[in-house]
Structures are given as structure tokens and as C-alpha cells.
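Asker: Here it is, the structure, as C-alpha cells.
Right, dumping it as C-alpha cells:
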């Protein structure tokens, strides 16, 4: 217990008393990989938000005078077969990746949270039905389910977000339900019920906040998964459409014809995808280490 | 002897002398070996009469003969046709009667002798198919009135009117000659899954989705041929697989064509072990505005979209990355009926001054009240050349202020949207044909054509086409074709042309005897192919 008390002592120190710099240094010291992941995430978000300010060229404009140029001072990541600047397309592609990734991850984990908590709270036949539906959805590999949904809904950013969100929901619902089952038995939930609070209030105000830890862990894990799924769908030609910049689409265009003669057309989008997924996964792992009491003292 | 028959004989003799002179200097073919080639598609059925894909032609055509065919020694010619199962053919002076003398030395692979009755039974199926039997090219023979066999080795086709499209239609590679016995005994659907032809190779095996193999038919009627012992057509839908197959010498050739970059990579990697054959392709990529979707019912909007496209500079750039090259009108570029550059540059959309063209496009959009036009472009999710052209077109239209989003879908939904749903605004489409037969080829641009998806009616164009089809005078045909072209692309802009496809066939240098044709459907009987190893 002594170890835990010491740890909790550091953890519980109010942020306003320490300053963000100290918090950052503390995080880097305790979670160096997580901090590196966080830095990558911040860079990706920065690129997505300020794409117009940091790009070098319009990412959609063809320039046949500059087709398939190798990296140079004019085009630091080179150009593709239409003479488009690959650096600018990667920066703008971050916007597509972040938009799809964050939206799908937030929607998937939040809807999963509500379904999981509701299922655990009511139990009985409600739980039974919800969990069987979850079983059915989990039985499909995520990418296959996403493919089927895109084929039904069509292409574009909206359908891709829906296609990536739906396979995430049952995974989150299953994890959240197990936590919610334990919390449901804690006396304060009985007390809330005894005080006459409605189901909605109990689920939203009393149970959900207490399972924020698994929720946040799932959310950060989903971010990487969603970015990878978006890139996969785009690579398969089912995601966003040309000429919109998207990393998977760039990889697809370059991979088959230009992998040998213009490898930069493949390498840089590949690095962008790998780095984003790596960053979000590191960040997610660090979040889990910080938020999961069982892992705190490891 | 009729004058036309005499002309044909003189021509044939001259061609034979020319060929003899060539043979004297050309390499002597070697016999033996198996040709492995890759096919970027699968076989829907083995019945040539109901199919229109290279996925069937490349593996199956070597099992069959046709009545006449494009000269295998001169397949790039748009007018050079020679006999296959016939020994000669002639036309009457009024152009309404065509007589074919059938060779007497031909047997089907099962040993049945071929007679005029087999050819008649074949053409009866092609021209007058019974209810429920699909003959994909039936409309090409709409001028045929009767098919008769005055004797065992003579076939006569009488036409309702003389038509310059008739002979090229007969030479189409899909018109496989079937045995009357097979059609009578097994029915008209038997050939979808079974093979019995008179081609250079007899059927050995078909592993669906994997390969088709054939072996030399020793009783083949073109004496001394084929040179190969056999062939294996390997199905490989992914281009990277096909490329690597040639690079690793697992296959020697792919007959459809590769993009320029793939050619360059192969040449760079294999040097003189690779030979490249290139030429214009009887296939043009089109933009089809849906005339029933606003504002594309307004010809000013359609003309603006055409005027925005810089075909001349696009040709130079796109030919480096896509299987397109030549700027041309409605007719295959090297055909006598095709527009020359002077004629072409008079048509709006083909002007050489792109600034003037785009200024006019903006003016037309403003006049039509659509200065801020935006729409969705339906495209086929196939890289070459559809995706490339789609990206290029979107950039071209951006330059007159038109914002376009692309909806690239797989072939099935793309065809469904064009043919059945008709729910698109503007779509990318193609006009791909086999034999260069301009008057038939341009029938796609008629509002009445079943493969025209733009949903318009244009009576003057229908009349022009009918006049061309029945005119025996090439000068008159050419004049009408110019009017037809100007109305289609310029005045009405019913269809917006882009570029003609360009066929690039890099293959192992030891493959000899195969010559590139204007279509990936042509010259695929393989009887003249040999291996120099």
C-alpha cells in the first residue's frame, strides 16, 4: 500500500499548482513513449488544422511540367504522376485522416459506451438481446464489415465514417459492459435508484462517468484503428475519392506503377500512415497505463 | 469474271508477291514451344457470339476460325481483310450480293468436315438469333436479308441495301464458325461451355479463374501453321502480377496493353530481351452528360465543359502516364474517313488556343446562369485510363470555375448506373470496338443506340448516319461524317470527347510473328506466332 500511496500522492497533485511544463516533463519522464506518441498526435492535428498555412502548393492542382519529380528543394517529398506536390497532399491528407479518425473513434466509442452501460444496467432480456447483436457484429472482421457498409452506402467521407464507426461500436460496448456490470452493484447506484432517479439519469450521471477510464483507453486505441481503416478503404478504392488528398489513396496510386521508378510516391504516404498509427497507439498505451489502476504501479 | 473479283485477285497476287519478298528477308519461323501469356480478366463464357470481352477472346479465339479476318501480316490496316475459312470472296456490282467460296480442306477438331452449311448455321445464329439467344453483334448485320448455300462450298449473303460496313462486320473476331452438327444436336448454348472449332489450336483444359490451354491442331487449314506446340492463357487480373510474370519470364506477353510507365520499367529491367509494339487503339474515352439531368440539358453547359478541356497539351502529358495519346474526332485517327487536323481544329473543343476556348466556356456558363457549376462525375474504378483521365478532367474543369467531385465505382455499378438507373449527372464512358469500321463504330453516338447513355434524341444525326450507311461513295461518306462529327462534338456537344487510347504491348523478344492491331480483340488466332528460342 505504501507504494500506491506514494504514487497516488504524485498523481493527485493539483495541476494548477504544478504548471503545464512540469506536467509535460513529468509525463515524458514517466511515459517517454507515450509522450512521443502524444507529440506525433499533436503534429498530426496541427497539420490537419493548419494545412493551408503549411502546404507549399495546392494539393489538387495538376502540374504536368513537374511530373514524378524526385524530392528537391522545390518539392521536398517529390511529386506524383500528375505533378502534384506530395508534401502538400500529405499535409492535406492529415485532415482527411484526422477527420475520419476522430469522428469515427469518438462516435464508435461513445455509442459503444451508451450501449454497453445500458445493456449492463438493465440486464435480463435487454442485455441478452444487445449482447447477441454485439456477438453478430464482432463475428465479422472489421474491415470486411466496413467494406460491406461502404458498398451499401457509397463512397465519400460520410459513408466511410459510418463504415468505420459501426465495427468499433460492439468492441467498445463489450468492454464497457464488463466495467458497468461491476459498477451497477455498488451501493451508490442502489441509493440513486432509491432516491427515485430515472434510468437515464443513473446511466448518464452515475454509471457512465465511472467508466471513463476504459472509455478513454478504447477511444485512443480506436483512433489508430480508424486511421488505418480509412487508409485501407481508400487503398481499395472505396474510401474518399480522387483528387481529394488521402494517404491510402496516394499509396494506391503510387504502389502499382511507380514503386520502383518513383518510390517517393509510395514511401511518404506509407510513412505518414505508419507514423500516425504508431503515434496514436503509443499515446493510447500511455493513456491506459495512466488510467488503469492495475497498471499504474508497474 | 466480275470486275470486283478480278480486282481482288490482282490485289491478292500483288499482296502475295509482296509477302514473298518480305519472307525472303524476314526471319524463318521456328516450330515448337508453348506460349504462356497473361490475361487481365476472366472468361464469362466461351461463346464468342454473345461475348464482347478480351477476357474471352484472348484465351478462346485460337480454337476457332472466322469466315474472313484482318490480314495477320498487316493488322494495323483498317481496310485489309483476307479469307480464313473461305478461299475467295466477291461482291456484286450493286454491292448487295456477297459470295464466299468455302475451302474444301477444313475439318473441325472432332473430325467433322466444314462446309458452307456450317458457315450458314453460324451466321443464322449471329444474324437471326432465335428468341432468348443473345447475339451481341446482331445489329451490325441489320442490312442482311438472306443467307443461302447454292452448293456445298458456296455461301451467299444478300443485303437489303449495299453497305460499306458489311465486310468489316464479317471480319469481326467474335464471329467464330461453329459446326452445324453441334448447333443442331446440342443447341445454341452448348458453346458457352464447350469448344469445337477449326482454329489453329484444339482445346486441352480450362481451369476456371486460372488458365486455358490448347495444343497445336495438326489438321489446321493454313498449311504449315501454327508454329507453336501449344499455348497457355493465364488469368491474372492484377496488373502488377502480369508485369512480374513477364519480367520473371513466367509469361511472354500480355495482349491487351500496359501503361507507359510499366513499359519503361520492363525495358529498363530487361533491355533487348523486351520488344515493344505500340499503336493507336480503336477505343476512345468519352464524357457523357446526362441530358435528362439539369443543367446538362442545356447545350451551352455541355459546350462549356468541352471547351474547358485542353486536349492538345493533355495528349502530350497523359501519354506519359496513361494508355491514351491521339487527339481525334469520331473516327479512328488513321482511317480515310477520319478528320485531319485542319478539320478537327475547327470544331469547338479542339481549338488550339486554349485561352480563347476557356474564355468562351466561362461566357457560355455565365449566359446559362451556371457560373458556379458543381457536379458529380461518375467514373469506373479502373486505373487505366479511367482514373487518370478522371483526375485530369476534374483539373481541366476547375480552370473554368467548375467544381467536380468524383464517384468512382466498380464496373458492375458503373454499368448499372449508365444502363439502368441513369441516375448520374456526368459520366466517363468509352467507345471500344474491334474491327475499325467507322460507320458502325459511330453508331454509339446515335440517340437511338442501346449503348448510348446520354439520353438524347437527335433526328438530324439519325438521318446522317442512315445516309452514310447506304452511300457507296467514300467522298460523300466523308462529307457526311464531318457534319455528323461537328454536330455531335461542336454544335450540340451531346458527347464530350477526350483522347483516343494508345496500345502499348511490351513482350519478350523471343515472341515473333505477332503484330499489334488497332484493337486488343484483333489478330489473336496465334497461328502466325512462333518462339525464337
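Residue numbers (this note's numbering), protein chains in the order written: chain A, 9 to 306; chain B, 232 to 764. Glycine residues also receive a C-beta, built at the ideal position from the N, C-alpha and C atoms. All values derive from a computational prediction rather than experimental measurement.
Using a Cβ-Cβ cut-off of 6 Å (strictly less than) and excluding sequence neighbours within five positions of residue 631 of chain B, which residues of its own chain qualify?
Answerer: 539, 589, 592, 593
Asker: I'd like to check one pair, residue 450 of chain B with residue 294 of chain B: are the Cβ atoms closer than 8 Å?
Answerer: no
Asker: Which whole-angstrom value describes the C-beta separation of residue 758 of chain B and residue 289 of chain B, a residue pair presumed to lie in contact below a C-beta threshold of 8 Å?
Answerer: 15 Å between Cβ atoms; not a contact.
Asker: Step through the CB atoms of chain A and report whether any lies within less than 8 Å of the CB of residue 496 of chain B.
Answerer: yes
Asker: For residue 349 of chain B, which three-state DSSP category applies?
Answerer: helix
Asker: Quick check: the Cα distance between residue 323 of chain B and residue 382 of chain B, rounded to an integer number of angstroms?
Answerer: 18 Å
Asker: Rounded to whole angstroms, what's the CA-CA distance from residue 172 of chain A to residue 75 of chain A? Just pull it up for me.
Answerer: 34 Å
Asker: Would you list the residues sitting across from residue 663 of chain B in a DSSP beta bridge?
Answerer: B:514
Asker: By the three-class DSSP mapping on this structure, what secondary structure does residue 64 of chain A have?
Answerer: coil
Asker: Check whether chain A comes within 8 Å of residue 625 of chain B, counting only Cβ atoms and requiring the distance to be less than that.
Answerer: yes
Asker: Would you mind working out which of B:628, B:406, B:328, B:496 sits nearest residue 5 of chain A, comparing C-alpha positions?
Answerer: In the structure as shown, chain A starts at 9 and stops at 306, and residue 5 of chain A therefore has no counterpart that could be examined.
Asker: The beta strand (DSSP E) that contains residue 733 of chain B, what's its start and end?
Answerer: 727-739
Asker: Under 8 Å by Cβ, that's how I've got residue 466 of chain B and residue 489 of chain B pegged, so tell me the actual separation to the nearest angstrom.
Answerer: That belief does not hold up - the Cβ atoms of residue 466 of chain B and residue 489 of chain B are roughly 17 Å apart, past 8 Å.
Asker: Taking the CB atoms as reference points, tell me whether residue 749 of chain B and residue 510 of chain B lie closer together than 8 Å.
Answerer: Yes; because the gap between Cβ atoms is below 8 Å, this pair is in contact.
Asker: At a Cβ cut of 7 Å, what residues of the segment 318-347 of chain B count as close to chain A, listed as they run along the chain?
Answerer: Against chain A - using a Cβ distance shorter than 7 Å - the segment 318-347 of chain B contributes no residues.
Asker: Tell me the residue span of the beta strand (DSSP E) that contains residue 488 of chain B.
Answerer: No beta strand (DSSP E) holds residue 488 of chain B; DSSP gives it neither H nor E.
Asker: With DSSP collapsed to three states, give me the class of residue 93 of chain A.
Answerer: Three-state result, residue 93 of chain A: strand.
Asker: Buried or exposed: residue 58 of chain A, going by 16 or more other Cβ atoms within 10 Å of its Cβ?
Answerer: exposed
Asker: In chain B, what lies closer than 9 Å to residue 95 of chain A by C-beta?
Answerer: Within chain B, no residue comes near residue 95 of chain A; the closest Cβ sits about 19 Å away, beyond 9 Å.
Asker: Please list the terminal residues of the continuous alpha helix (DSSP H) segment that includes residue 78 of chain A.
Answerer: Neither: residue 78 of chain A is in no alpha helix (DSSP H) and is coded neither H nor E.
Asker: In three-state DSSP terms, what is residue 155 of chain A?
Answerer: helix
Asker: Which one of B:609, B:625, B:667, B:674 has the shortest CA to CA distance from residue 647 of chain B?
Answerer: B:609
Asker: Using 8 Å as the limit for Cβ to Cβ distance, is residue 470 of chain B near chain A?
Answerer: yes
Asker: Using a threshold of 8 Å, state whether the C-beta atoms of residue 620 of chain B and residue 516 of chain B are closer than that.
Answerer: yes
Asker: Could you compute how far the alpha carbon of residue 96 of chain A sits from the alpha carbon of residue 249 of chain A?
Answerer: Cα-Cα distance, rounded: 17 Å.
Asker: I'd like to know whether the C-beta of residue 253 of chain B is nearer than 8 Å to at least one C-beta of chain A.
Answerer: Residue confidence is low: residue 253 of chain B scores 47 on pLDDT, short of 50, so the model does not pin down where it sits. No coordinate-derived value is stated.
Asker: Around the C-beta of residue 342 of chain B, are 16 or more other C-beta atoms found within 10 angstroms, so that it is buried, or is it exposed?
Answerer: exposed
Asker: Would residue 230 of chain A count as contacting chain B if we go by Cβ distances under 8 Å?
Answerer: no
Asker: Comparing the C-beta of residue 251 of chain A with each C-beta of chain B, is any distance below 8 Å?
Answerer: By the rule that beta-carbons nearer than 8 Å mark a contact, residue 251 of chain A touches chain B.
Asker: Got a sec: which bits of the segment 64-87 of chain A sit with their beta carbon under 9 Å from any beta carbon on chain B, in order along the chain?
Answerer: 68, 69, 70, 72, 73, 75, 76
Asker: Per DSSP, what kind of secondary structure is residue 216 of chain A in: helix, strand or coil?
Answerer: helix
Asker: Mind checking which residues open and close the beta strand (DSSP E) that includes residue 267 of chain B?
Answerer: 265-270
Asker: Kindly indicate the opening and closing residues of the beta strand (DSSP E) around residue 388 of chain B.
Answerer: Run containing residue 388 of chain B: 385-390, per the beta strand (DSSP E) assignment.
Asker: Using C-beta distances below 6 Å, list every residue in its chain close to residue 761 of chain B, excluding the 5 sequence neighbours before and after it, in chain order.
Answerer: 260, 261, 458, 743, 744
Asker: Pull up the distance between the alpha-carbon of residue 380 of chain B and that of residue 340 of chain B, whole angstroms please.
Answerer: Taking the straight line joining both Cα atoms gives about 23 Å.
Asker: What would DSSP say about residue 200 of chain A, mapped onto helix, strand or coil?
Answerer: helix
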